[in-house]
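What the sequence shown shows, in the numbering used here, is residues 71 to 392, in sequence order. No residue lacks a Cβ here, since even glycine has one placed at the ideal position from N, Cα and C. Computed from a predicted structure; not experimentally measured. Data first, discussion second: the structure below is written as structure tokens.
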Amino acid sequence: MADNKTKTSSRERILEEYIRMMQGETINFKEAMKEYQSTLKPIQVDFQFIRSLMTDYMPDHELYYDRKHNVHGIKNSGWMQPAEILAILKLIIGTRTFSKDELVKIQYDLIKLAPTDEQANLKKVLNNTLDKYIPISQRDDLVELIQSFYDYINAKKVIEFTYKSSRKDIDSTNLQVGVPYSLYFDRSYFYVMIYLIDQDESRIFRLDRFLTHRAKHRSFNIPAVRREDMGVAINRTYLLKMGNIIQYKFQYWDYPQTALDKLPGSKVDKKLTDSVIISGEMYSEGGLLWLLSQGNRIKVLEPQSLVNEVQTRLQRALDLYK
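Shown next as structure tokens:
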């Protein structure tokens, strides 16, 4: 807002009026005359210029007049429809991936893309959801992590990092060196694919488990044969890229689409009276997590190694109740 003791130039006045209205403020002509120590005519000319500017360069914005409150303001028709913004935010909220502070910032930025007239309605619809929001992770720097690895990937940077694995036999203080080359999201978590230079292989790491990461002063071109196709990798895995890639087949007594949704790339081979036969390709260890969660609604048919492993783990579970 202009200082009442100092008269601003016409350029400064127009710029300030424009910025204030772009930030959601409304301006009354009489108050503006007092603030900028001006007569009515220059203020009217300012607004004519702003209207012309938006017509030529900002067709998604409109300078409007509110007769009820006798003020002018700027509204936009939006870069996204309210339904699109609501869909994106509901998906993000449903994953419970981001901290509450990060989610509030994401919501604020996305709502700004909606038409001005709809922004208050969107806030109203989303407010109750945020009040009860509980994130999965305790980290509050996930957006910052995504930005860092986005930068590493684009620059093909070699990085040094330490990582807290879910496996107890892996030392989290061990310094690893690799080149991140793909970032993706799957079931509440972000993952990054990294080519480990010393091991000459690619591995998947969960983004929120990085303890430290730092770019080295060099780039590296990953050999094409070592660069894994992420589309294929996602279809093969359920939660974890662990174990060997196997061709599986099982009989399923529940709603078939449930299995097809959880195991991308799977298909129904045969429909039986009360069940279906489903086959596909996945990593054995990751797939076991889902297979075991299905209880008596599933029976593994192939391969025999997977049948044996399921039997062994179920027996171990039963032994706990003896």
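Excluding five sequence neighbours on each side, which residues of the same chain lie with their C-beta closer than 6 Å to the C-beta of residue i?
{"i": "Asp260", "result": "Looking at the sequence provided, one finds Phe at residue 260 rather than Asp. If we look at Phe260 and ignore the five residues flanking it on each side, its Cβ neighbours are Leu277."}
{"i": "Asp211", "result": "none"}
{"i": "Thr186", "result": "Lys145 and Asn146"}
{"i": "Ile216", "result": "none"}
{"i": "Ala153", "result": "none"}
Taking the alpha-carbon positions, what's the residue i to residue j distance?
{"i": "Ile162", "j": "Lys182", "result": "17 Å"}
{"i": "Glu230", "j": "Tyr353", "result": "27 Å"}
{"i": "Asn198", "j": "Pro205", "result": "15 Å"}
{"i": "Arg257", "j": "Asp116", "result": "52 Å"}
{"i": "Lys226", "j": "Phe219", "result": "10 Å"}
{"i": "Thr382", "j": "Ser235", "result": "25 Å"}
{"i": "Leu123", "j": "Ser169", "result": "40 Å"}
{"i": "Pro293", "j": "Thr328", "result": "37 Å"}
{"i": "Thr78", "j": "Phe99", "result": "16 Å"}
{"i": "Gln151", "j": "Tyr203", "result": "24 Å"}
{"i": "Ile89", "j": "Met103", "result": "17 Å"}
{"i": "Ser207", "j": "Thr167", "result": "7 Å"}
{"i": "Met92", "j": "Gln107", "result": "22 Å"}
Following the continuous beta strand (DSSP E) through residue i, name the residue where it begins and the one where it ends.
{"i": "Lys341", "result": "Lys337 to Lys341"}
{"i": "Phe320", "result": "Ile315 to Tyr322"}
{"i": "Ser349", "result": "Val346 to Tyr353"}
{"i": "Tyr134", "result": "His131 to Asp136"}
{"i": "Tyr325", "result": "Premise fails: Tyr325 is in no beta strand (DSSP E) and is neither H nor E."}
{"i": "Val141", "result": "Val141 to Asn146"}
{"i": "Ala285", "result": "Phe280 to Ser289"}
Here's the rule I'm using: 16 or more other beta-carbon atoms within 10 Å means buried, otherwise exposed. How should residue i be labelled?
{"i": "Leu342", "result": "exposed"}
{"i": "Arg288", "result": "exposed"}
{"i": "Asn74", "result": "Note that Asn74 scores a pLDDT of 47, beneath 50, so its modelled location is shaky; the value from the coordinates is reported in the next line. Exposed is the call here."}
{"i": "Gly357", "result": "buried"}
{"i": "Tyr318", "result": "buried"}
{"i": "Pro129", "result": "exposed"}
{"i": "Gly248", "result": "buried"}
{"i": "Ile240", "result": "exposed"}
{"i": "Ala387", "result": "exposed"}
{"i": "Val262", "result": "buried"}
{"i": "Glu214", "result": "exposed"}
{"i": "Pro325", "result": "The sequence shown places Tyr at residue 325, rather than the Pro named in the question. Flag for Tyr325 reads exposed."}
Sorted by chain position, which residues of the same chain lie with C-beta nearer than 8 Å to residue i's C-beta, five sequence neighbours on each side aside?
{"i": "Lys337", "result": "Leu330, Ile348, Ser349 and Gly350"}
{"i": "Tyr134", "result": "His142, Gly143, Ile144 and Lys145"}
{"i": "Ile267", "result": "Val228, Val247, Gly248, Val249 and Phe290"}
What are the start and end residues of the alpha helix (DSSP H) that includes residue i?
{"i": "Phe99", "result": "Phe99 to Glu105"}
{"i": "Ser122", "result": "Leu110 to Tyr127"}
{"i": "Ala190", "result": "Thr186 to Asp201"}
{"i": "Leu156", "result": "Pro152 to Thr165"}
{"i": "Leu266", "result": "Here Leu266 belongs to no alpha helix (DSSP H); instead the beta strand (DSSP E) covers Tyr259 to Leu266."}
{"i": "Leu183", "result": "Counting along the chain, Leu183 falls outside any alpha helix (DSSP H), and DSSP gives it neither H nor E."}
{"i": "Arg276", "result": "Where Arg276 is concerned, there is no enclosing alpha helix (DSSP H), although the beta strand (DSSP E) it sits in stretches over Glu271 to Arg276."}
Can you list, in chain order, the residues of its chain whose CB lies under 7 Å from that of residue i, leaving out five sequence neighbours each side?
{"i": "Leu159", "result": "Gln177, Leu180 and Leu196"}
{"i": "Tyr322", "result": "Ala329, Ser345, Val346, Ile348, Arg367 and Ile368"}
{"i": "Asp171", "result": "Asp210"}
{"i": "His283", "result": "Ser218, Ile229 and Phe231"}
For my contact list, residue i and residue j are in at a C-beta cut-off of 8 Å; report their separation, rounded to the angstrom.
{"i": "Ala190", "j": "Ile155", "result": "In fact, because the Cβ distance is near 13 Å, the residues do not count as touching under 8 Å."}
{"i": "Gln246", "j": "Tyr233", "result": "7 Å"}
{"i": "Ser242", "j": "Leu281", "result": "6 Å"}
{"i": "Phe320", "j": "Lys369", "result": "6 Å"}
{"i": "Ile97", "j": "Glu87", "result": "6 Å"}
{"i": "Asp270", "j": "Arg297", "result": "Actually they do not touch by this definition, with Cβ atoms about 12 Å apart."}
{"i": "Leu362", "j": "Val380", "result": "7 Å"}
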